[in-house]
Every structure is written in structure tokens, then in C-alpha cells.
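Notes for the one structure printed next.
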Amino acid sequence: MRQRFVQWYREGAYTVDGLFDIGNTTAYALDEGKGRSGEFDNGNGSLMRILPLAFTEADDEEIRAVSAITHAHNISCDACVRMVHAARRLLAGVPIADIAVSLDKVPADEIRSGGFVRDTEKAALWCLANTSSYRDCVLAAVNLGDDTDTTAAVAGGLAGIVYGMDAIPDEWLQALRGKDTIERCLF
């Protein structure tokens, strides 16, 4: 898996137009061959890519190992484990309110959407708890500001589990660049 990340980073593999952006922690980890484990290495990069493990039989240690390819601190690894567990519960039909406990009562101005992994975790769950469609969930994530692409990726992944692929607005799918590349990577 790490080798594929390096191909993405160095060669633009799996991209439409080459590498668009990479976080400092991820770049360092891929350059050095090991995940960063310092207190200030708890960005949201591993959380952004962890949801597919919900569809596997990966156990908690395997989830931590996937996070640790780039983000090896316990805070990041634990957030990834919690997110995979939340996604699996959604897949099993557990109500959103039982997963995003009390987040529907938190005002938007109290939700941080920056690069810290715990902020992204909470923001994505907040978006899911405070909306009732795929479209609204993703737009809520974007409208939080700050690290919108990552928050929307995580929130959108959760919303996709809840509402299904058919809930993605057709106009979004029509405007999507690189559909062939995406489909080759997914299917």
C-alpha cells in the first residue's frame, strides 16, 4: 500500500492531472519510508483515506497499521479505528444519532474543520448528524471552511454509506473530471 502511495506522490498514479496537494506529514512519511509519530503529526491525511477499510475484515491493529503508513501517532491511529467502526455501524443500519451522539445539538460555530485529525473526525460526523441527504452533508462540510476538501471527503464517505451512490447529485457526477481514472481505481 505504501508503494502505491509513493507512486501517487512521485508519479501522479491514480490521478487525473498529477498530484494536486499533499500534506507535510504525508510527504515526509513517504520520503522517509515511515509514518510520523510526533504530537504535531496528527493531521487528517490518514483519516481521509481510511473509510474503505470498513468494507474489509481489517481488525483494529490492521487499521492502525494503514494509518501509520503516514500518520503513526496514537491520536491519528485511534481516530482511524473509530471512523472505521462508525462506518461499519452505519453499514449495519445503526441510526446516525447513535453514532454521532449529541452532535446534532452542537452549533456550527463550535465545529472546527482544520487539519487536526480529531477536528476532521468530529466535523464529518457533525455534518452527517445535522443533514438528511448526501448533497446537504457534503455541502455542510464545505461550508464549514478551513480544510474543506478533507472534511468533505470524510463526510461524503459516511453519507455515501447512509444514502447510497444514487444519492449523489447527477450534476456533480456529470461535472466530475477523470471519471475513467476513478472507475479504474475503484472497479
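The working numbering numbers the first residue of the sequence shown as 5 and each following residue consecutively.
All C-beta atoms in this analysis are idealised placements derived from N, C-alpha and C, irrespective of residue type, glycine included.
So, at 7 angstroms on beta carbons, what are the nonlocal neighbours of residue i in its own chain, with the 5 sequence-adjacent residues on each side left out?
i: residue 155; result: 117, 124, 127, 128, 145, 148
i: residue 139; result: 173
i: residue 39; result: 33, 72, 73, 74, 75, 76
i: residue 189; result: 18
i: residue 110; result: 130
Once the 5 residues before and after residue i are set aside, which same chain residues still bring their CB inside 6 angstroms of it?
i: residue 71; result: 50, 80, 81, 84
i: residue 131; result: 141, 144, 145, 159
i: residue 11; result: 17
i: residue 171; result: 138
i: residue 161; result: 55
i: residue 150; result: 117, 118
Are residue i and residue j closer than 9 angstroms when you measure CB to CB?
i: residue 92; j: residue 102; result: no
i: residue 58; j: residue 88; result: yes
i: residue 107; j: residue 133; result: yes
i: residue 153; j: residue 25; result: yes
i: residue 47; j: residue 97; result: no
i: residue 60; j: residue 45; result: no
i: residue 135; j: residue 163; result: yes
i: residue 115; j: residue 166; result: no
Following the continuous alpha helix (DSSP H) through residue i, name the residue where it begins and the one where it ends.
i: residue 93; result: 78 to 95
i: residue 9; result: 6 to 15
i: residue 70; result: 64 to 72
i: residue 172; result: Neither: residue 172 is in no alpha helix (DSSP H) and is coded neither H nor E.
i: residue 34; result: 28 to 36
i: residue 58; result: Premise fails: residue 58 is in no alpha helix (DSSP H) and is neither H nor E.
Keeping to the same chain, check which residues put their C-beta closer than 8 angstroms to that of residue i; ignore five residues upstream and five downstream.
i: residue 5; result: 70, 73
i: residue 8; result: 17, 18
i: residue 4; result: Residue 4 lies beyond the range of the chain shown here (5 to 191); nothing can be said about it.
i: residue 185; result: 18, 19, 20
Using three-state DSSP, classify residue i as helix, strand or coil.
i: residue 44; result: coil
i: residue 120; result: strand
Go through the segment 128 to 161 residue by residue and report every complete run of the alpha helix (DSSP H) that reaches 4 residues or more, in order.
-> Entirely contained in the segment 128 to 161, the alpha helix (DSSP H) runs reaching 4 residues are, in chain order, 138 to 147.
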